[in-house]
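Colleague: Okay, so the sequence shown: first residue is 11 according to this note's numbering, each after it adds one.
Below are the structure tokens for one structure; questions will follow.
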Amino acid sequence: MAIKNYVLKEDRKPTKEQIRMISDAAELAAPEDEENPELTDEQLAAFYKVHESRQAEHKR
């Protein structure tokens, strides 16, 4: 798998080929990673709580 970088300029629209590539990439499944397993809903909720509390601290 390769990573491609593009610089988008306001006056230019993506080509049909670029739009197709983005659409195709969006449909790909994320590869499995033994070192970073997918989080459960409970784990994600715990991270969200920490994020909210840190955001509140930064606003003070």
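Ideal Cβ positions, reconstructed from N, Cα and C, are used throughout, including at glycine.
All values derive from a computational prediction rather than experimental measurement.
Below 8 angstroms CB to CB, which residues in the same chain sit around aspartate 21 once its five sequence neighbours on both sides are set aside?
Modeller: Within the sequence shown, the letter at position 11 stands for residue 21. Contacts found: none.
Colleague: Provide the residue span of the alpha helix (DSSP H) that contains leucine 17, from first to last.
Modeller: Counting from one through the sequence shown, the residue named residue 17 turns up at place 7. In the sequence as displayed, the identity of residue 17 is valine instead of leucine. Note, valine 17: premise wrong, no alpha helix (DSSP H); not H, not E.
Colleague: What is the DSSP secondary structure of glutamate 42, reduced to helix, strand or coil?
Modeller: Here residue 42 is taken as the residue at index 32 of the sequence shown, counted from 1. Three-state result, glutamate 42: coil.
Colleague: Does glutamate 62 come out as helix, strand or coil in the three-state DSSP assignment?
Modeller: Counting from one through the sequence shown, the residue named residue 62 turns up at place 52. Three-state DSSP puts glutamate 62 in a helix.
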